[in-house]
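Visitor: Input: one structure, supplied below.
Protein chains: 6
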Amino acid sequence: MFFRQRQMAYHAKPEKPDPLFAKMLQEPLGGQWGEISVMMTYLFQGWNCRGPQKYKDMIMDIGTEEIGHVEMLATMIARLLETSPIEQQEDMAKNSVVGAVMGGARVEDAIVAGMNAQHYIVAGLGARPSDSVGNPWTSAYTIASGNLLADFRFNVTAESQGRLQVARLYNMTNDPGVRDMLSYLIARDTMHQNQWLAAIRELEEDGLEMTPVPSNFPQELEKGEVAYQFLNHSEGTESQQGRWAQGPSPDGKGTFTYVDRPPAFTEDEGNLNPVDPRTYGTPPAPVPPAAAE
Amino acid sequence: MFFRQRQMAYHAKPEKPDPLFAKMLQEPLGGQWGEISVMMTYLFQGWNCRGPQKYKDMIMDIGTEEIGHVEMLATMIARLLETSPIEQQEDMAKNSVVGAVMGGARVEDAIVAGMNAQHYIVAGLGARPSDSVGNPWTSAYTIASGNLLADFRFNVTAESQGRLQVARLYNMTNDPGVRDMLSYLIARDTMHQNQWLAAIRELEEDGLEMTPVPSNFPQELEKGEVAYQFLNHSEGTESQQGRWAQGPSPDGKGTFTYVDRPPAFTEDEGNLNPVDPRTYGTPPAPVPPAAAE
Amino acid sequence: MFFRQRQMAYHAKPEKPDPLFAKMLQEPLGGQWGEISVMMTYLFQGWNCRGPQKYKDMIMDIGTEEIGHVEMLATMIARLLETSPIEQQEDMAKNSVVGAVMGGARVEDAIVAGMNAQHYIVAGLGARPSDSVGNPWTSAYTIASGNLLADFRFNVTAESQGRLQVARLYNMTNDPGVRDMLSYLIARDTMHQNQWLAAIRELEEDGLEMTPVPSNFPQELEKGEVAYQFLNHSEGTESQQGRWAQGPSPDGKGTFTYVDRPPAFTEDEGNLNPVDPRTYGTPPAPVPPAAAE
Amino acid sequence: MFFRQRQMAYHAKPEKPDPLFAKMLQEPLGGQWGEISVMMTYLFQGWNCRGPQKYKDMIMDIGTEEIGHVEMLATMIARLLETSPIEQQEDMAKNSVVGAVMGGARVEDAIVAGMNAQHYIVAGLGARPSDSVGNPWTSAYTIASGNLLADFRFNVTAESQGRLQVARLYNMTNDPGVRDMLSYLIARDTMHQNQWLAAIRELEEDGLEMTPVPSNFPQELEKGEVAYQFLNHSEGTESQQGRWAQGPSPDGKGTFTYVDRPPAFTEDEGNLNPVDPRTYGTPPAPVPPAAAE
Amino acid sequence: MFFRQRQMAYHAKPEKPDPLFAKMLQEPLGGQWGEISVMMTYLFQGWNCRGPQKYKDMIMDIGTEEIGHVEMLATMIARLLETSPIEQQEDMAKNSVVGAVMGGARVEDAIVAGMNAQHYIVAGLGARPSDSVGNPWTSAYTIASGNLLADFRFNVTAESQGRLQVARLYNMTNDPGVRDMLSYLIARDTMHQNQWLAAIRELEEDGLEMTPVPSNFPQELEKGEVAYQFLNHSEGTESQQGRWAQGPSPDGKGTFTYVDRPPAFTEDEGNLNPVDPRTYGTPPAPVPPAAAE
Amino acid sequence: MFFRQRQMAYHAKPEKPDPLFAKMLQEPLGGQWGEISVMMTYLFQGWNCRGPQKYKDMIMDIGTEEIGHVEMLATMIARLLETSPIEQQEDMAKNSVVGAVMGGARVEDAIVAGMNAQHYIVAGLGARPSDSVGNPWTSAYTIASGNLLADFRFNVTAESQGRLQVARLYNMTNDPGVRDMLSYLIARDTMHQNQWLAAIRELEEDGLEMTPVPSNFPQELEKGEVAYQFLNHSEGTESQQGRWAQGPSPDGKGTFTYVDRPPAFTEDEGNLNPVDPRTYGTPPAPVPPAAAE
Ligand SMILES: [Ca+2]
Ligand SMILES: [Ca+2]
Ligand SMILES: [Ca+2]
Ligand SMILES: [Ca+2]
Ligand SMILES: [Ca+2]
Ligand SMILES: [Ca+2]
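What follows is the structure in structure tokens.
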């Protein structure tokens, strides 16, 4: 059960409107690596958690925090849109240089063409639950497998991709209010990358999971001879130069070897047998017409 | 530029048909964490790579290997479907117990209801580029950000989720041929988890990237005071018990602190200003009708 | 900013596992008219609200309540899955009648075929953010236009479709624990239908919006002669018998008339002009090859 | 069975081409609340209707009318695209001011960047079945539940959102031909809002359905004590000021009450039981490796 | 502008309900190659047509016919669902053999598990605009390029894939009413395959378009030396045995040649240059942290 | 099993960066008719092929070639993005005319607004697996039915739509390096259109398949009287003028006839029966509340 406090977690106030940056800021709100994704991912991981209580509680903490991040971004975007295109059009129409260049006739298009058209037409100058090119957010971005190591690895990724995108956006604006909010989100992503890395160590120290995931699958059932081989599938051998091709493997259970031209394990060329002709696929040789009775 | 060898990488031959397991095996073929996903992810990471050659070559090697994994799974699924439902219907019709139970009339439905209907109707008993519940594969599953640490973390995740799913499937069949192929894929996932973990260490040792990603964003620009704080957003303090709430952070740059009831940093409640009434949103007070001239 | 209380809003405990009902219960969780949809819809309506504070506060109240409904359903589904298919297989294998019918060989398939395969393979017996046939939830289900009357009408719809679906599901189970939770959700949908209907009246009484939405578009700019005409586009005149074809219109601004065979307002047949041949569409007559220089 | 008349329902002729407005006009054609959505929604509601004939006939009338609206918009968009970018490039290249600004080299990009690229590349200057940011139309926008009150409430919403969007677009163009067509669509939306509101009253007067939907679910089976309570889930009590928090409920069956800090109905914190370890989720305590035999 | 006749184009009456076949019959209704796809494809091709009137009229004729095919399938599906699962449950419960097998407890699940759950929960026993595994129809299935030869080739494909799927479904039912309707759809697909093949010949005879499409692109601008070469990219030379590897090409403009081991045309290995470090991708060598000012 | 050669199949080097053309070039990479689509379509057709070996080998050859086309386009796009928006901003800021027009403040927006925002934010100046308006590629674009004639018809279409799009793009750039690569892709599409047309003839000559597809469905089971009728569904008779309305049909098995006003074959108006009231759809007359016990 959830409750809401009136204040936002942090400031979300731009110095001035900027509909074009509003479009870009949709990416950390409703994009694949945006705040809706981490909010939903952490909430589902928490609700589905069957592990120790400290993990469930920790996951729910961060999941709940992320709802507030969604709130901050949605508010910021709505404020970046606060001057409507119609007003901008009127302002710009007074600008003679622009008027001359654009022919004096369809000035509003120059602005609107660059906007996310749905910000105006669909949301009436509000935030959208979509990414920077307009794709709706999809729950395919929500990852919750029941295996906490597999999922915490995803979470480290999400906070890495997320911090990367916000850092890029930081470079695309010089609005002090926007940058202030981004500096908060970037700092929280620093924390969250560290938090999930720490949680991975905790899981291993608690003996609950380790590499290779899932560690409870009996490793003697896998095809052992290829479990630590690097297979070179392209010309050139630069790939031999990394630590992935020699020395002990990170799981401490094997030694990497390098196979320059990997052989096939089978003579099977993948040819298929014919099936019932009433499925009407193309057979190896002509067959007479037939249907089920 | 790519070339194909006739033999498959490994055996892909079931002992006998099993259309229901064919449906489930679509998950590691065309699901979010299936072979098409890693094939496309690694190929795009390689093509977009601007880092040292040894990384690009290594990424392309594994990307090319994964095309062969897609091939093995597609072939296996087509073979698991080789006895058509029509033939099974006829076989089952001769089984009097089934006939009695089902009423003697619509026996084929019992089989077909459990199948992926598109295996028969759309693909004519071939594999589909979709997951186990029929969702088409989407390139949203392809991750290539240009930042290799962010992406290698994704790759570790992908091989973890993938190995987890295949291990679960191993438990759902007792066909020796199917299990043999799965034991190969599980072993390769062991290798690939280790490979990406090794590549992460190499990246750090090469000084190219470290935590927090992206490490080239000047950390003094982030809101430092919240960069290592654990914020407790739910009742209870079990979340205080993990190493994510105290001690040095994994990046070696901070010390975790635990904030029991995190304060808001602002008095701002997120209220928005009115906008041009010609956008027809609901205003704070009634306004007269208007349209642009 | 949001906080979480440990207790759920209501009981979510089934008497016994039921993986097939778990599949169906995904619809009110992650389907088009499920709890994720109303949660996200109300939160976005609230964040984007530019109207009076009482509306914004009310919308945020219900949006926050819905997060708790998502929580209850996710928990219920995870519990309905608590006996794994493997255990069920072993139980059923002891049942000789089933064994005989199924041929004694692939009993687990009979159960698994009916399950949502991703409950097992992807989520490890946890809830999924998807609907009852496996489609991922999409933010296209989130509606927030900035116009509160347009949106409250959507909200009444959402609570109507939602209550309808849950009532149907009530009839498909006889588990007392499941039915208890459904009776709570159904009651809240009763409240929420009434709440949005009341909010619509309030909006009208506050003079903020009325029919036709948007009421601030000057109605003299619309093509008035067709604004209250019922146009009969199919054979038969049963459609003349309703109050939509005669008498005063609900907005109080017109009188319905019935047009039996509606005429076209134009002689224009929609034929198009040719365009630059370098777009390579099919022209009205042959043209010579050409390309831009 | 359907037939087509040569003339369109109304004029659809712009005064001059405008590829940027063509992009925006995709929203009422192929967007969530566009003409394809209402066409498909009404047709499916009609085909699935099991209620009285006057409803089915009325629904089919409007569904058939909407096909003609799709036709008008598609034609308008194709005409707005009639001057190709190549010609515009040549015209603009003669304009020295533009030439100077743009550097004289890549003038066409300035236009094409603002266009929907698929209008040119994919459709050869024709309309697309997509929205204003390029998302394909999806049948998730088609609503037909079998319950006419639930569906008519959706229909009122669709005509409200639709009229809202077209009114916004009216403000973004000053082409008399485009505005003329929009004034027709706006008027029909006025009619259709009224029509569905009238149909809702008719349903109630016919005794077929009322609030709460579905009215045929026995209301004594719902958890009555929460069926008319407003639950305050956020700080502040502005939400107490509306008619949704006090007085009789619109369905005439209850009285609203306001609960300031809603209690949980359960002590259950949603913790889950462990499951079969062969699903490889993270357990509460370490378990030995295992697989099905 | 469109009108509807009361009678359907053909009979659509099953002898008895069959919810499992109803699920499969969604494929030709709302699947990729179903009737909604051809309806929308032909209508958009017609509305966007800039070629001779006889083509536009012909395309609109078949587009309008297809609306009636959608109607027949939707009606058939609604009728196949007419006995509700609840009634079937009660009927089956009286059947002691079934009762014994199923354990007497959850009989309804056996039926419902095989059904499309949304037929009951979402549509109330009506048709859905989705395919046989529940994916919503998407306008990505609508093809209209402006080039009639490219599009007519698609149309031949659509009628081929469609007839193939319906023929497969014919074999999965023995209901005389269903088969009667399918025999009509199959016959119309025979006509439509022939119709589009004839239209292709007409286009060529009218000199409007020929192979290679688009024929108005000056062929001297393409890289002529590879325009008629078969490039062997896999081991083995069976592919040399077809008429695609030797002799005159079907367009009459070239002669096929077979290249056993195709060479690369370039020494370029696709390596990329470094970019501005403020994009935070991984560079070839370490760089100091930086951000835009 | 697949291997990669270092060199690309052809040159992929632009003369200079062009982020706006990079956006458009996503269409032939990740659009519906782009190289990923043909790559995946041909590979799946090959893996699922149950016909003669020469077909399977030929299909795999071209499928493998297409992987190299994806590679070329991804590389070209990454290179077109090589000057980052930040650098361009700095360059443009020095251009006083632009500075004056744009107001000197937000110059970067003018460029970024036209870019695909995800090229920068998500991919760090790399290629995306998406189309020109940002939709992710979906495996719904992959066609493999098991019937080679149905599929080869699709393949001819794909190479036609693909060549059409690339020819259009040729006209939108004057970069010699880009045009050189496009001239290669256009030539290969010429070959591939011819190749699939030749393969269709070969299939027919081998007696494996012919019109109407599937030819192995017994044609006497279709409703013969409508198998060669052209049904005129719209006003006007221009559609009578083509060879699709008279003379022998292309399959050589019938004679086209023209039906001016096609009659319905049934008096059935598609009305449905009532169903169990516990599904809560709207019935023909009021019923009392009820629920399953
Ligand atoms: Ca965050
Ligand atoms: Ca793999
Ligand atoms: Ca709810
Ligand atoms: Ca309309
Ligand atoms: Ca048809
Ligand atoms: Ca190609």
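Protein chains in written order, with the UniProt record's numbering: chain D, 1 to 293; chain C, 1 to 293; chain U, 1 to 293; chain A, 1 to 293; chain L, 1 to 293; chain H, 1 to 293.
No residue lacks a Cβ here, since even glycine has one placed at the ideal position from N, Cα and C.
Considering only heavy atoms of ligand 3, list every residue whose Cβ is less than 7 Å from one of them, following chain order.
Guide: U/Glu35, U/Val38, U/Glu66, U/His69, U/Gly162, U/Leu185, U/Arg188, U/Asp189, U/His192
Visitor: Does the separation of the CB atoms of A/Ile200 and A/Trp137 fall below 8 Å?
Guide: If you number the fourth sequence from 1, residue 200 of chain A lands on position 200. If you number the fourth sequence from 1, residue 137 of chain A lands on position 137. Cβ atoms of A/Ile200 and A/Trp137: not closer than 8 Å.
Visitor: Mind checking whether L/Asn116 and U/Val133 have CB atoms under 8 Å apart?
Guide: Here residue 116 of chain L refers to the residue found at position 116 of the fifth sequence. Here residue 133 of chain U refers to the residue found at position 133 of the third sequence. Yes, Cβ-Cβ distance for L/Asn116 and U/Val133 is below 8 Å.
Visitor: Do we get a CB-CB distance below 8 Å when we pair H/Leu149 with the residues of chain C?
Guide: Residue numbering aside, residue 149 of chain H sits at position 149 when the sixth sequence is read from its first letter. Output row for H/Leu149: interface = no.
Visitor: May I ask which residues mark the beginning and end of the alpha helix (DSSP H) holding H/Arg261?
Guide: Translated into positions along the sixth sequence, residue 261 of chain H becomes position 261. Note, H/Arg261: premise wrong, no alpha helix (DSSP H); not H, not E.
Visitor: Per DSSP, which one or two residues make a beta bridge with U/Phe2?
Guide: For this step, residue 2 of chain U is matched to residue 2 along the third sequence. U/Phe2 pairs with D/Arg4.
Visitor: Give the range of the beta strand (DSSP E) segment to which L/Phe230 is assigned.
Guide: Within the fifth sequence, numbered from 1, the residue matching residue 230 of chain L stands at position 230. Counting along the chain, the beta strand (DSSP E) containing L/Phe230 begins and ends at 229-231.
Visitor: Quick check: the Cα distance between A/Leu221 and D/Asp175, rounded to an integer number of angstroms?
Guide: Mapped onto the fourth sequence, residue 221 of chain A falls at position 221. Mapped onto the first sequence, residue 175 of chain D falls at position 175. Near 56 Å, if we compare the C-alpha coordinates of D/Asp175 and A/Leu221.
Visitor: Are the C-beta of C/Thr142 and some C-beta of chain D separated by less than 8 Å?
Guide: Here residue 142 of chain C refers to the residue found at position 142 when the second sequence is read from its first residue. Chain D, which has no Cβ nearer than 8 Å to the Cβ of C/Thr142, makes this no.
Visitor: Since A/Met76 and A/Met181 should fall inside the 8 Å C-beta cutoff, what is the C-beta to C-beta distance between them, to a whole number of angstroms?
Guide: By one-based count along the fourth sequence, residue 76 of chain A stands at place 76. By one-based count along the fourth sequence, residue 181 of chain A stands at place 181. Right, their Cβ atoms sit about 6 Å apart.
Visitor: Using a cut-off of 8 Å between C-beta atoms, extract the partners of U/Thr257 located in chain H.
Guide: Along the third sequence, read from residue 1 onward, the residue named residue 257 of chain U stands at position 257. Residues of chain H passing the Cβ test: none, with the nearest at roughly 26 Å.
Visitor: Using a C-beta cutoff of 8 Å, does D/Glu293 count as contacting chain C?
Guide: By 1-based counting over the first sequence, the position of residue 293 of chain D is 293. By this cut-off, D/Glu293 is not an interface position.
Visitor: Does the distance from the CB of U/Asp131 to the CB of A/Ser234 come in under 8 Å?
Guide: In the third sequence, counting from the first residue as 1, residue 131 of chain U sits at position 131. In the fourth sequence, counting from the first residue as 1, residue 234 of chain A sits at position 234. Going by C-beta atoms, U/Asp131 is not nearer than 8 Å to A/Ser234.
Visitor: Does the separation of the CB atoms of L/Ala78 and A/Trp47 fall below 8 Å?
Guide: Taking the fifth sequence and counting its residues from 1, one reaches residue 78 of chain L at position 78. Taking the fourth sequence and counting its residues from 1, one reaches residue 47 of chain A at position 47. The answer is yes: Cβ separation under 8 Å.
Visitor: My guess is that D/Leu148 and A/Thr279 are in contact by the Cβ rule of under 8 Å, so how many angstroms apart are they, rounded?
Guide: Mapped onto the first sequence, residue 148 of chain D falls at position 148. Mapped onto the fourth sequence, residue 279 of chain A falls at position 279. D/Leu148 to A/Thr279, Cβ: 13 Å. No contact.
Visitor: Should the region 242-252 of chain C be regarded as contacting the region 200-209 of chain D, the criterion being three or more beta carbon pairs within less than 8 Å?
Guide: yes
Visitor: Would you say C/Glu108 faces chain U, with C-beta separation under 8 Å as the test?
Guide: Taking the first residue of the second sequence as position 1, residue 108 of chain C is located at position 108. The pLDDT assigned to C/Glu108 is 45, lower than 50, so where the model puts this residue is not dependable, and the model offers no usable value.
Visitor: What would DSSP say about U/Ser130, mapped onto helix, strand or coil?
Guide: Along the third sequence, one-based indexing puts residue 130 of chain U at 130. U/Ser130 falls in the strand class under three-state DSSP.
Visitor: Would you say C/Val178 and C/Pro17 are within 8 Å of each other, going by their C-beta atoms?
Guide: Along the second sequence, read from residue 1 onward, the residue named residue 178 of chain C stands at position 178. Along the second sequence, read from residue 1 onward, the residue named residue 17 of chain C stands at position 17. Result no, Cβ atoms of C/Val178 and C/Pro17 do not sit closer than 8 Å.
Visitor: Out of curiosity, what's the CA-to-CA distance linking C/Pro214 and U/His192?
Guide: Here residue 214 of chain C refers to the residue found at position 214 when the second sequence is read from its first residue. Here residue 192 of chain U refers to the residue found at position 192 when the third sequence is read from its first residue. Between the C-alpha atoms of C/Pro214 and U/His192 there is a straight-line separation of about 45 Å.
Visitor: Looking only at its own chain, which residues have a Cβ that is under 6 Å from the Cβ of A/Glu159, when we skip the five neighbours before and after it?
Guide: Stepping through the fourth sequence from its first residue, residue 159 of chain A is reached at position 159. Same-chain partners within the cutoff: Asp189, His192, Gln193.
Visitor: With a threshold of 7 Å on Cβ separation, who are the neighbours of L/Ile59 within its own chain once the five nearest residues in sequence on each side are excluded?
Guide: Taking the first residue of the fifth sequence as position 1, residue 59 of chain L is located at position 59. By the criterion of a C-beta distance shorter than 7 Å, L/Ile59 is surrounded in its chain by Tyr42, Gln45, Gly46, Cys49, once the five residues flanking it on both sides are discounted.
Visitor: Tell me the rounded alpha-carbon separation between D/Ile67 and C/Arg243.
Guide: Here the question's residue 67 of chain D lines up with position 67 in the first sequence. Here the question's residue 243 of chain C lines up with position 243 in the second sequence. Cα-Cα distance, rounded: 24 Å.
Visitor: Excluding the five sequence neighbours on either side, which residues of its own chain have a C-beta within less than 7 Å of the C-beta of H/Gly114, listed in chain order?
Guide: Counted from its first residue, the sixth sequence places residue 114 of chain H at position 114. Here the set comprises Leu20.
Visitor: Who are the near neighbours of A/Leu25 in its chain, counting only those whose CB is closer than 6 Å to its CB and skipping five residues on each side?
Guide: As a first step, residue 25 of chain A is located in the fourth sequence; it is residue number 25 there, counting from the start. Counting only Cβ-Cβ distances below 6 Å, and skipping sequence neighbours, we find Ile77.
Visitor: Please determine, among H/Asn271, H/Ala292, H/Ala9, the residue with the shortest C-alpha to C-alpha distance to A/Pro52.
Guide: The residue you call residue 52 of chain A lines up with position 52 of the fourth sequence. When each option's Cα is compared against that of A/Pro52, the closest is H/Asn271.
Visitor: With DSSP collapsed to three states, give me the class of U/Phe256.
Guide: The residue labelled residue 256 of chain U in the question sits at position 256 within the third sequence. Three-state result, U/Phe256: strand.
Visitor: Under a CB-based cut-off of 8 Å, is D/Tyr280 close to chain U?
Guide: As a first step, residue 280 of chain D must be located in the first sequence, where it is residue number 280. Not closer than 8 Å to any Cβ of chain U, the Cβ of D/Tyr280 fails to qualify, so no.
Visitor: Which same chain residues, not among the five before or five after U/Thr83, have their C-beta less than 7 Å away from its C-beta?
Guide: The residue you call residue 83 of chain U lines up with position 83 of the third sequence. Closer than 7 Å at Cβ, skipping near neighbours: Pro17.
Visitor: By the criterion of Cβ-Cβ separation under 9 Å, what are the contact partners of H/Ile77 in chain L?
Guide: Along the sixth sequence, one-based indexing puts residue 77 of chain H at 77. The contacting residues do not exist; H/Ile77 stays about 11 Å from chain L at best.
Visitor: Name the chain A residues whose beta carbon is nearer than 9 Å to that of H/His233?
Guide: Start at 1 with the first residue of the sixth sequence, and residue 233 of chain H comes out as number 233. Residues of chain A passing the Cβ test: Met1, Phe2, Phe3, Arg4.
Visitor: Restricting to Cα atoms, I'd like to know which of H/Ser239, H/Arg261, H/Glu293, H/Met1 is closest to L/Lys56.
Guide: Here residue 56 of chain L refers to the residue found at position 56 of the fifth sequence. If we check each option's Cα against that of L/Lys56, H/Ser239 comes out closest.
Visitor: Since H/Thr138 meets chain C, which of its residues come closer than 8 Å, beta carbon to beta carbon?
Guide: Taking the first residue of the sixth sequence as 1, we reach residue 138 of chain H at position 138. What H/Thr138 touches in chain C: Pro136, Trp137, Thr138, Ser139.
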